[in-house]
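There are 2 protein chains.
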Amino acid sequence: MQGNLNGNMMNTQLLVIDLLDYARQQFPEQEVVSRRLEGDIHRTNYAECWRRSCQLAHALDALGVGMDDCVASMAWNTHRHLELYYAVSGVGAILHTVNPRLFAEQVEYIINHAEDKYVFVDLGFLALLEQIQAQLPTVKGYIVLTDREHMPESSLPNLLCYEELIANQPHTYDWPRFNEDHAASLCYTSGTTGNPKGVCYSHRALVLHAQATVSSALLDLRAETVLLPMVTMYHASAWGAPYAAPLAGAKLVLPGSGMDGASMWELIENEKVNVGLGVPTIWLTLHNYLQERKITDTPLERVCVGGAASPIGMVRTYAERYNIYWQPIWGMTETAPLATSLPPTPAIMALPKEQRYQLQTTAGRAAFGVEMEIFDADDVAVAHDGESSGELRVRGPWICNQYYKNDDLSSFPNGWLGTGDIAVIDQHGYMRVVDRKKDVIKSGGEWISSLEIENIVSLHPQVNECAVVGVKHPKWDERPLLLVVLNQGEEADEHAILSHLQGKIAKWWTPDAVEFVSELPKTGTGKVRKNELRDAYLNYLIERGA
Amino acid sequence: MQGNLNGNMMNTQLLVIDLLDYARQQFPEQEVVSRRLEGDIHRTNYAECWRRSCQLAHALDALGVGMDDCVASMAWNTHRHLELYYAVSGVGAILHTVNPRLFAEQVEYIINHAEDKYVFVDLGFLALLEQIQAQLPTVKGYIVLTDREHMPESSLPNLLCYEELIANQPHTYDWPRFNEDHAASLCYTSGTTGNPKGVCYSHRALVLHAQATVSSALLDLRAETVLLPMVTMYHASAWGAPYAAPLAGAKLVLPGSGMDGASMWELIENEKVNVGLGVPTIWLTLHNYLQERKITDTPLERVCVGGAASPIGMVRTYAERYNIYWQPIWGMTETAPLATSLPPTPAIMALPKEQRYQLQTTAGRAAFGVEMEIFDADDVAVAHDGESSGELRVRGPWICNQYYKNDDLSSFPNGWLGTGDIAVIDQHGYMRVVDRKKDVIKSGGEWISSLEIENIVSLHPQVNECAVVGVKHPKWDERPLLLVVLNQGEEADEHAILSHLQGKIAKWWTPDAVEFVSELPKTGTGKVRKNELRDAYLNYLIERGA
Ligand SMILES: Nc1ncnc2c1ncn2[C@@H]1O[C@H](COP(=O)(O)OP(=O)(O)OP(=O)(O)O)[C@@H](O)[C@H]1O
Ligand SMILES: Nc1ncnc2c1ncn2[C@@H]1O[C@H](COP(=O)(O)OP(=O)(O)OP(=O)(O)O)[C@@H](O)[C@H]1O
Ligand SMILES: [Mg+2]
Ligand SMILES: [Mg+2]
C-alpha cells in the first residue's frame, strides 16, 4: 500500500562518516587506545582519528580509489584500522575486511570476488599475501599499516607504507554526500561449507545498527563506557564497535593481536575497561587467566557475549566470582551483526538468581527494528511458547537480503533471512538457539540439542570446556559424543560427567561416550569447529563397537 | 556524487507503529498513567494501549479514513490521545494535532488548510468547535474522547463517542507497510505573525527523532525512567515523548489538562516521576508551589527544559534547593522538535558549580544527526567562537524543508532551516540563543540581547519572572523595558533591580525602566507573549517623556 503524501522533512542521508564527525565534535579528547603490531600501546583520541581519517581520504584519492571500488583490509583491532573504517567508507568506497584466518585459497577467492583494488595489511599477514599475490589481478598495491621504521622486507609488488602515505596530506577533507543505501563495507562469512559468501552493508544499515547498539536494548554505551572489543574488526566489524563507540563517545580500547589472557588483562586493568565484547571462549580464556592468579577484582561491569551460546557455568562464574554481568547477545555476519540481547535492566536484576542465570543463557530479545520468527520445515511460523523449535528467521533494516554478487537466494526465503539456527522463542520474546541446522544431532529420527547438553556439562566443577557432536551409530544413525577439556590439573572420569547429566536431560539424550581432550579446535573467531570434531570422531562409536 | 553499488540490506522502512509494537512486546506491563478529562487518574499499559490502538485502527477504517487523509485531534495528554498518535499514523493517515489554544479563526484556518476529515476532541474543547463547525466543510464528524456516560450535549453534527466507536472492534490489526517518507503527523506553528504554518512529519523523521531522543545525548530515557511530559501533545508532539517513551520502555505519566502546581505535584509524588519535560515557566510554577509548601524532597532527578531560554536563577534553584538537574534543550516545531541538549554527563557534573550553571543556560550541543551553523546577514557562516552571532540554521533528517502546502521557501535558505533565532556557538559546540529575530532590541543601530538581561535579572532574590522587550524611543529608536513579577509577598523597587544588573552587562544595555506587573501574558505553550507586551508598552517610554 502506498500513499502519495510525504512529510516535508529534509532527506539528509545516514552516512557512516557522520558518526566520527559527531565524536570529534562532541568528544574530541575521548581516548582510543591500541595495542599496536609494533608492540607498544598507542594512545590517540577522536579528534586525531578524524584528522588522520581526512588525511587517509586524501591518500585514497591520490591512489585513484573511486566510489564503488573495494579496498581490502587485513588487520587487527587498532586505530589505523579504525581510520580505514571511516576513510574508505567516507569517500564512498567499500571497505572489505578480510579475515586473515581463512585459508590462503579462501583469501584469494574473496579478494578476487570482491575485486579489491588495494590491500591494507598489518605486520604479520604479509607472508599470506606473498603466497597468493600472483593470483590477485585486481590488486594494484599493498599498504603496510606501519611506519617507515617498521617496514618489513617483502616480495609484494607496489608496497607502500601507511604512515608515509598519509603524512603530508591535508588535515581536512570535503566528504561527499551520497545515498545512504550505498555500500559501505563488505565482510565474507567463513564458508565452512562451500565458498565464503559476502555480506555487503549499506551506510544506512550501519548507522541504524550503531544507534541500536548504543541503546539500552543492546550494548548501552555512553560517554562513561570504556569498551574493549575482543572480537575482531576483520570479522563482522567487531560487532559494530568501531561505529557505536564514537556515537556514544565511549573510550575505545583496541587489543591489536593480543587475544591471550595476559594481554587482555593488561588492557582491562590499565585502561579501566568496564564493558567487554567477545565470544564465550574469550571470557573462558580471561577466567582461566584470572583464576590462576587469584584475581577476582576487576573494573569490568559487563561482558557482552555472543557468537555462540552462553554456558550457564560461565554466566554463574562471572556473576559470583567477579560480579560481572554476563550479557548474552545474538547475531551473525548477515545481521551487521547485533540483533538481540539481554541487558541488565532493573527487572532482570530483580529476578531470583537462578532464574536470571537461566535467562542469561538465552540470546535475549530482539532490538527495536529487528523482527524474529521461528519457521518449521513447512515454512509455517510456530508459536512463541519456548517449546516449538524451527529455523530462526529475521528481518530488519540492517539485515542482509542477498549475498554479494550471488544469485543464490536460498538463505532468503520470502523476504526473511534464514539464519540456519534452530531456535525457540518464548511468550516474552526471549530467544534461545538450541542448535545450528548443520550441528543438529538426529538420533532415531528425533533431534537432540547439543547446546543444551553442553550448557549443563559446563556446570560440572571440573569441566573447563566441552562440545557435543553427532557421530555415526549403526542403529540410531547418529548419537551424541561428548568431548571434554578438564580444568588444568583436575580430574574426572566418564561416569562422573555423565551422572552429572542425570535427571537434567531426557535419558536418551545422554551422550554415548565421553572423550577427554586437551583442547578443542577453534575458528579464527574463537568458535569451536564442530565440523572438524565430527569429521575426526565420525566412526568413534562404530570403532568402539557400539 | 552517486555510486552505483548499493549494500545488500533489507529495505525495511522505519514506521511509527513499530515503536508501540516494540513496547507491547518488550514492556507490555509498563504503565501509562493519565489524568483524564473526566477527572480521574487512569492506568493502562503498553499492551493494552496496543490493543486499543488496533481497535481504533479498525474504527478508522470503518469511518472511511484512508491513506493521505488528515485526522485532527484537539486533546490534552492522555492515553486516548496516545492511541490516536499510533492508530492514525499506523493506518497511513496523518494525525493533525490541533492546538486548541489558538484563536477560533486560526483553528478554523488550519482545519480547513489541512482538510481534516474527522476531529477527535477532548471534553472542554467542544464549544470552540461548535462556534466554527459551519465553516469546516471537509470535516465529516466529531468524535468525543470519552465514554457514553460522559458524553456532553453538543450542537456538533455527526457526534460520536470514542469508547463506543472502538468497543467492539477486533483486538489485532494488520498494519500496512509503506514508505517511511510518508506523512505521519502534522502540527501548525502558532503563527504569531501571519497565518499558522504546518509542519508535516514523515515516519522516518519521527522514528529517527525517537531514537535520538532516547539516546544519552538527548533525554536519555530507559526502562527505569518515569517520564512526565508537561508539554502538550497538541504542540510539537509533546517533544516526541509519545514516540520515545515506548521505545525506551519508560513509564509515561500524562497530565491531562492539569498544568497547575498541585496537579503536577500530585502526579510527580504518586507516580515517582524522575524526569519531567517542560518550558521554563512550568518549572517556575512547580517551584512556586513547592516553595509555598516547603517541600524540597522530590523523586525528580532531571527536568528537561526547552521552548525558551533557561534562566540561571532557575538552574541554580533546581540544583541547590531540590537537587534536580536542569537539562536545557533547544528545538522548535520545525525540528520535530528536539535538536540540542546538555545531559548530565560525568564531565559536566565534574565542572565547578558556577561554570556548570552557566553551561546549563546554553541550549547544549547538537544531537547526532543535527547540523547547526550561524549565518550573518550576508548568508556567510560565522565562527564558532561563542561571540559571533547570527541566525541559527539547522539541517538533519527530522528537520522541516518546507511548510505544508506552502510555496514560500523564505525560511529554508540553501537547504537549511532558518530558525529565526539569533544565536552563538562556542568552540566546543555549545549553542546559546541570544534572542529571537523578532524580539531583538535595536538600540541606536546596535543589538541588545533581551535573554541575557532576563537571565541576570532572574537571579535577583525577589524576582519570580521577568521579560525584557524593546519599546519605542525618540532618540535610540528602541530601548529595553524590563517587566518584573516579584515573588508573592515580597518587595523591590526599580533601583534595586537595576543596580543588580550593574557590572554584569554593558551599561547601555541597562533597561530604561522597570515596570512591576502581577503576571506575564503567556502562550498556550507557556511562553511569554513578547509581541503582546511590546504592543501594550510600545509608547511607554515616550509617554513617560523619555
Ligand atoms: N547467543 C548465541 N547463542 C547461540 N549461538 C549464537 C549466538 N550468537 C551467535 N551464535 C551463532 O553464531 C552464528 C553467527 O556467527 P558468524 O556470522 O560470526 O559466523 P558463523 O556462522 O559462525 O560462521 P560462517 O562464517 O561459516 O557463517 C549464528 O548463526 C549462531 O549459530
Ligand atoms: N533552549 C532554548 N533557548 C532559547 N530559546 C529557545 C530554546 N528552545 C526553544 N526556544 C525558542 O522556542 C522556539 C520554538 O518554539 P515553538 O516551535 O514551540 O513555537 P514558537 O516559535 O514559540 O511559536 P510559533 O508557533 O509562532 O513559531 C525557538 O525558535 C526558540 O526561539
Ligand atoms: Mg553463519
Ligand atoms: Mg517558531
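Chains as they are written, first to last, in this note's numbering: chain X, 26 to 571; chain A, 26 to 571.
Positions of the beta carbon are idealized from the N, C-alpha and C atoms, including for glycine.
Quantities reported herein were computed from a predicted structural model and do not represent experimental measurements.
For residue i, the three-state DSSP class (helix, strand or coil)
i: X/M34; result: strand
i: A/K276; result: strand
i: A/L40; result: coil
i: A/Y187; result: helix
i: X/P486; result: coil
i: A/V57; result: strand
i: A/M357; result: coil
i: X/E108; result: helix
i: X/A517; result: coil
i: X/G301; result: strand
i: X/H480; result: The sequence shown places Asn at residue 480 of chain X, rather than the His named in the question. If DSSP states are grouped into helix, strand and coil, X/N480 belongs with the helices.
i: X/E205; result: coil
i: A/Q352; result: strand
i: X/D93; result: coil
i: A/T323; result: coil
i: A/W101; result: coil
i: X/V116; result: coil
i: X/V449; result: strand
i: A/V259; result: Checking the sequence shown, residue 259 of chain A turns out to be Tyr, not Val. Reduced to three states, the DSSP call for A/Y259 is coil.
i: X/I157; result: helix
Pairwise C-alpha distance: residue j and residue i
i: X/L81; j: X/P162; result: 24 Å
i: X/E56; j: X/A84; result: 24 Å
i: X/E479; j: X/E516; result: 18 Å
i: A/L279; j: A/L253; result: 6 Å
i: X/M255; j: X/N31; result: 44 Å
i: A/D285; j: A/G514; result: 20 Å
i: X/I66; j: X/E296; result: 11 Å
i: X/D245; j: X/V239; result: 5 Å
i: X/F400; j: X/R457; result: 14 Å
Proximity test, residue i beta-carbon vs ligand 5 heavy atom, cut-off 7 Å
i: A/H234; result: As for ligand 5, it is missing from this structure, which binds only ligand 1, ligand 2, ligand 3 and ligand 4.
is_contact[residue i, chain X] using C-beta, thresh 8 Å
i: A/S241; result: yes
i: A/W423; result: yes
i: A/H260; result: no
i: A/L434; result: no
i: A/M456; result: no
i: A/Y213; result: no
i: A/E249; result: yes
i: A/T37; result: yes
i: A/M357; result: no
i: A/N564; result: no
i: A/Q50; result: yes
i: A/P267; result: no
Chain A contact for residue i (CB, 8 Å cutoff)
i: X/S227; result: yes
i: X/I119; result: yes
i: X/P207; result: At residue 207 of chain X the sequence reads His, which differs from the Pro that was named. Chain A contact via Cβ: present.
i: X/S92; result: A quick correction: the sequence has Met, not Ser, at residue 92 of chain X. Chain A contact via Cβ: present.
i: X/P362; result: no
i: X/Y110; result: no
i: X/F393; result: yes
Kindly confirm or deny that the segment 525-545 of chain X and the segment 496-512 of chain X touch, where touching means at least three C-beta pairs closer than 8 Å.
-> yes
Stretch-stretch touch, CB-based, cutoff 8 Å, three pairs: the segment 108-124 of chain A with the segment 202-219 of chain A | yes
So, do the segment 287-295 of chain A and the segment 387-401 of chain A have three or more beta carbon pairs nearer to each other than 8 Å?
-> no
Is the segment 483-492 of chain X close to the segment 443-462 of chain X, with three or more CB pairs under 8 Å?
-> no
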